[in-house]
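In this note's numbering, the protein residues as written are 3 to 242. Before any comments, here is the structure.
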Ligand SMILES: [Zn+2]
């Protein structure tokens with residue numbers, strides 16, 4: 003039996019279980035996604051206190067049992083991100099960020115950059131509610147696509163390699179397409195194209211902004227890429 007696992011983790015979901023327990027979906031730097039049970043976590047005098055809420059960044063000790071589910075035996079708070087809970091918009095943006103990680107990274111494969119990206123996003127949203135805007139959420143998703151190895155091709159037509167007249171986007175082709183290859187594509191405005199390039203080239207704190215039309219095209223590009231290449235449906239980010 004291997005010894006306990008000591009790991010940093012972000013709580014993606016915290017589900018009530020049985021009389022007093024919680025089942026946690028955790029994202030860790032070196033073990034990807036893990037599920038664990040925190041026994042007695044909902045009792046008033048639980049040693050876990052309130053540290054097992056979604057979006058908490060913790061340092062946990064986990065034990066392997068006979069089932070898939072690990073058992074949490076100790077937890078320290080690294081970052082509670084209390085500011086997230088001050089505004090409905092920041093809490094919602096944080097929940098969507100955790101949900102996108104849950105859907106795109108569901109295995110134990112290590113992606114330390116995804117852990118760092120999510121930790122950064124939660125810290126930004128907690129520190130300053132102005133980050134809870136669509137441009138930031140879309141930039142976060144684009145960076146997740148990059149980490150998942152399915153970032154859309156933007157420099158040249160994904161079908162024929164042409165570098166001019168890049169007017170469409172095709173999730174199936176894997177990126178922007180030129181005017182002669184745009185049969186299966188949707189129209190991508192210059193502004194949307196610029197957003198995609200800028201979002202991947204800047205930090206989350208400096209995520210670009212755009213008009214609603216451009217952001218809708220960007221969201222569609224991200225959604226189609228995730229569906230075609232990771233078979234994942236992301237929750238809509240922009241209101242319908
Ligand atoms: Zn082409």
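Ideal placement from N, C-alpha and C gives every residue a C-beta, glycine not left out.
Host alpha helix (DSSP H) of residue i (start-end)
i           : result
residue 92  : 90-106
residue 23  : Element bounds for residue 23: not the alpha helix (DSSP H) but the beta strand (DSSP E), 23-30.
residue 118 : 114-129
residue 143 : 136-149
residue 199 : 192-203
Candidates the options, of which the one nearest residue i by Cα
i           : options               : result
residue 197 : 144, 160, 30 and 11   : 144
residue 225 : 140, 48 and 202       : 140
residue 26  : 241, 100, 120 and 129 : 100
residue 233 : 150, 183 and 156      : 150
residue 160 : 146, 182 and 148      : 182
residue 22  : 40, 7 and 8           : 40
residue 66  : 79, 236 and 38        : 38
residue 70  : 8, 235, 192 and 35    : 35
residue 51  : 188, 236, 78 and 147  : 78
residue 231 : 155, 209 and 241      : 155
residue 95  : 84, 118 and 124       : 124
residue 153 : 9, 199, 212 and 28    : 199
residue 148 : 8, 116 and 163        : 116
residue 7   : 28, 213, 62 and 19    : 62
residue 221 : 5, 42 and 188         : 188
Contact belief for residue i with residue j at Cβ below 8 Å, rounded distance in angstroms
i           : j           : result
residue 175 : residue 186 : 7 Å
residue 110 : residue 167 : Going by Cβ atoms, the distance from residue 110 to residue 167 rounds to 43 Å, so no, they are not a contact pair.
residue 59  : residue 81  : 4 Å
residue 179 : residue 173 : With a Cβ gap of about 10 Å, residue 179 and residue 173 do not count as contacting.
residue 126 : residue 207 : 6 Å
residue 1   : residue 238 : One cannot answer for residue 1 here, as it falls past the ends of the chain, which runs 3 to 242.
residue 86  : residue 73  : The Cβ separation is near 27 Å, so there is no contact.
Delimiting residues of the beta strand (DSSP E) encompassing residue i
i           : result
residue 8   : 7-19
residue 73  : 72-81
residue 215 : Per DSSP, residue 215 belongs to no beta strand (DSSP E); it is in the alpha helix (DSSP H), 214-232.
residue 37  : 34-40
residue 153 : Counting along the chain, residue 153 falls outside any beta strand (DSSP E), and DSSP gives it neither H nor E.
residue 64  : 59-65
residue 168 : 168-172
residue 179 : 177-180
The segment 83-96 touching the segment 133-144, judged by at least three CB pairs closer than 8 Å: Touching, yes, given that three or more Cβ pairs across the two stretches are closer than 8 Å.
Touching by the beta-carbon criterion (3+ pairs, under 8 Å), the segment 11-20 and the segment 57-73: They touch, by the three-pair rule.
Validate contact between the segment 98-108 and the segment 43-54 using beta carbons, cut 8 Å, 3 pairs: Two segments are said to touch when three or more pairs of C-beta atoms, one from each, lie closer than 8 Å; by this definition the segment 98-108 does not touch the segment 43-54.
Around ligand 3, Cβ to any heavy atom closer than 5 Å, ordered along the chain: In the structure on display, ligand 3 does not appear, and the ligands it does have are ligand 1.
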